[in-house]
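Okay, structure first, notes after.
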Amino acid sequence: MNLIFRSLKILIVEDEKIIAKDIEATIKRLGYESVGIVSNAEDAIKKAGEMKPGLVLMDITLKGGTDGVEAAKIINDTFDIPVVYLTAHQDEDTVERTMFTNSYGFITKPLDDRDINSAISAAIYRYDVENKLKEAEERYFRLTENAMDMILSQSLEDLAYNYVNRACINITGYAPADFYLRPNLIEEIVKPDWMEHYKRNFRRLAAGEAVNDIEFMIRHKSGEDRWLNQRSTIVKNSAGKPQTVEAIITNVTQRRLYEKKLEETTEKLRAYSNHLQKAREDERYFISREIHDQLGQDLTVLKMDISFIRKKAAKQPEKANTEELVKELTKINLAIDDIINKVRKIATDLRPNVLDKLGLSEAIVWHAGEFEKRTKIKCDTDLCDDGFSLGIEKSISMFRIVQETLTNIARHSGADKVLIKLENINGWLILTISDNGKGITNEEIERTSSLGIVGMKERALLFGGLWGIESEMGKFTKIEVKVPLDPKVDS
Ligand SMILES: Nc1ncnc2c1ncn2[C@@H]1O[C@H](COP(=O)(O)OP(=O)(O)O)[C@@H](O)[C@H]1O
Ligand SMILES: [Mg+2]
């Protein structure tokens, strides 16, 4: 062991010159280096500060105001240098006093080479171990104290906390001191709904079961609800009995909120998809009924009329009365016109032809006119002309949004005035539809059954657009949709 400390520098504090010289000779013989000899406490402190020796050999009884024990304490505290006492007599009082200083050992006078050597080695070894321990402790302390997660150690016997890092302030609102004063404080703040779950898992943990991950809700000191995730390890005593629980607690509120939002969105989209399926079936049913009931019947009547004329003409061709024939044919002609109108209406309902032919603005004007006629709700339009470039898919979507919004206004708003605006600004087409009705609540917008609204949003998002709603209760509702225009193609 000596080898390691060979270059060790030692300061000798001894007021008896001969002994001091003797010690110096001994340590040199042992291979250490002397940084000098001083004979009183003041000089010892001064020299230690200047020379920064690796060890001080300190006579306990020194002449002057300050004795060796006090000097040792100052040197050790100020410069972190280990001190080994030199003592001539094993005076009990003196030895007891050294207990309160950080003593690294004694060498008894008269001196013996081997005593000196082993005392120095032991002192340096101890100093080294202590430093390593201090470093490890500091590192551990830094890590836990700077962690964002709460770290704790709790006794399973009396549920008192042995350690809680300061992240507890952020996570629970309570300070480490609160935890030290109130054993099992966490259980106090667990929300009632989660108490059973928390206690059950704590019991399993205390019984030594591996309970890795539990999640529960607490009431933060501020009154807010928080979701926490706790990962625990059980520390057992030498007899194998669970003694302490060490845990890391993370605030997972944000994650839980996202999960909830995701669940809601999924549920909404599922409902919307169902709604689309049903709408398609309803539409087919409606069209088939319309074709069957209206066109089918009209065509049957028409067929009967024609066959009546044919029969009459076939039986008595010579008697065929041109005048009567013209009358019958005119009737048939009118019936065909009627059928044509019905077919047109069915086709227009399916897809307004004006949209393909004249564009979105014209289609909106046409639809607004129909809406006003049907509902007696005044429907004004302020539309930019159709000079923008918007693919047919997007145009249909915008048109469907107008239709759905007007239907909603007629069904829910109680409004008597509507304004539809269409603007072409910086590559965006902006549609706003406002009514002066009763307004809409956030709850109505968000609820899962609001599929008309979900549909509009989805249509807008599908084309990289935005959908928004603004409303004041009793005053107005305004829907805004923005979709990016297609880049202009030069012709
Ligand atoms: N213009 C409006 N004024 C007032 N309330 C409205 C308006 N538009 C929609 N709402 C409310 O929003 C809800 C959701 O609309 P929507 O998703 O189209 O579903 P639905 O029309 O089938 O009820 C309606 O039930 C209604 O309460
Ligand atoms: Mg609706």
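Our numbering puts the sequence shown at residues 1 to 491.
Think of the CB as a built atom: it goes at the ideal place given N, C-alpha and C, for glycine as much as any other residue.
Counting C-beta pairs closer than 8 Å gives fewer than three between the stretch 100–117 and the stretch 44–52, which falls short of the contact rule. Along the stretch 121–153, the beta strand (DSSP E) does not occur as any fully enclosed run of 3 or more residues.
Residues of the same chain with their beta carbon placed closer than 8 Å to that of N333 are lacking, with the five preceding and five following residues left out of the count. Shown here for N76: same chain residues with a beta carbon closer than 8 Å to its own, the five before and five after excluded, namely P82, V83, T101 and N102 in chain order. Of the heavy atoms belonging to ligand 2, at least one sits nearer than 7 Å to the Cβ of T407.
The beta-bridge partner set that DSSP reports for W467 consists of V481. By the C-beta density criterion, P352 is buried, having at least 16 other C-beta atoms within 10 angstroms. Taking one beta carbon from each stretch, the stretch 188–199 and the stretch 139–147 have fewer than 3 pairs nearer than 8 Å; the two do not touch. Contact annotation, T94 with T87: C-beta distance approximately 7 Å; criterion of less than 8 Å satisfied. Counting every other CB atom within 10 Å of its CB across the protein chains shown gives Q230 a total of 16 or more, marking it as buried. The way I'd put it, the stretch 147–161 doesn't touch the stretch 123–133; fewer than three beta-carbon pairs between them come closer than 8 Å.
Beyond the five residues adjoining it in sequence on each side, I287 comes within less than 7 Å, by CB distance, of I346 in the same chain, given in chain order. Here the C-alpha atom of T266 lies approximately 50 Å from the C-alpha atom of I336.
DSSP lists no beta-bridge partner residue for D193. With a threshold of 7 Å, the Cβ atom of E246 does not count as near ligand 1, since no heavy atom of the ligand is closer than that. Take the alpha-carbon of M456 and the one of Q154: they are about 54 Å apart. Taken in chain order, the complete alpha helix (DSSP H) segments of 4 residues or longer contained in the stretch 51–99 are 68–79 and 92–99. For the pair K482 and I430, the CB atoms are nearer than the 8 Å cut-off. DSSP, reduced to helix, strand and coil, places M473 outside both helices and strands of the structure shown, so it counts as coil. Closest in C-alpha terms to T330, from the list A313, T348, N341 and I309, comes I309. Counting along the chain, the unbroken beta strand (DSSP E) around E33 starts and ends at E33 to V38. The same chain holds no residue with a CB closer than 7 Å to that of R374 once the five nearest residues on each side in sequence are set aside. Residue L156 holds the alpha-carbon nearest to the alpha-carbon of P183 among I171, V343, E209 and L156.
Contact annotation: M58 and G49 have beta-carbon atoms that are not nearer than 8 Å. Taking C-beta atoms as the reference points, I12 and A20 count as a pair closer than 8 Å. Pairwise C-beta distances place the stretch 163–175 in contact with the stretch 216–228, as three or more of them are shorter than 8 Å. Within the chosen limit of 7 Å, ligand 2 reaches the beta carbon of G452 through at least one heavy atom. Under the three-state reduction of DSSP output, R231 falls in the strand class. Going by DSSP, Y163 is part of the beta strand (DSSP E) stretching over Y161 to V164.
Closest in C-alpha terms to L299, from the list A460, L325, E318 and I339, comes I339. Straight through space, the alpha carbons of C384 and E423 are spaced by roughly 6 Å. Taking all protein chains in view, the Cβ of A71 is crowded by 16 or more other Cβ atoms within 10 Å, so the residue is classified as buried. The stretch 407–417 and the stretch 230–243 do not touch, with fewer than three beta-carbon pairs separated by less than 8 Å.
Residue state for V354 is assigned as helix, using DSSP reduced to three classes.
In the three-state reduction of the DSSP assignment, K241 falls in the coil class. Ranking I189, S238, W227 and R459 by CA distance to the CA of I396 puts R459 first.
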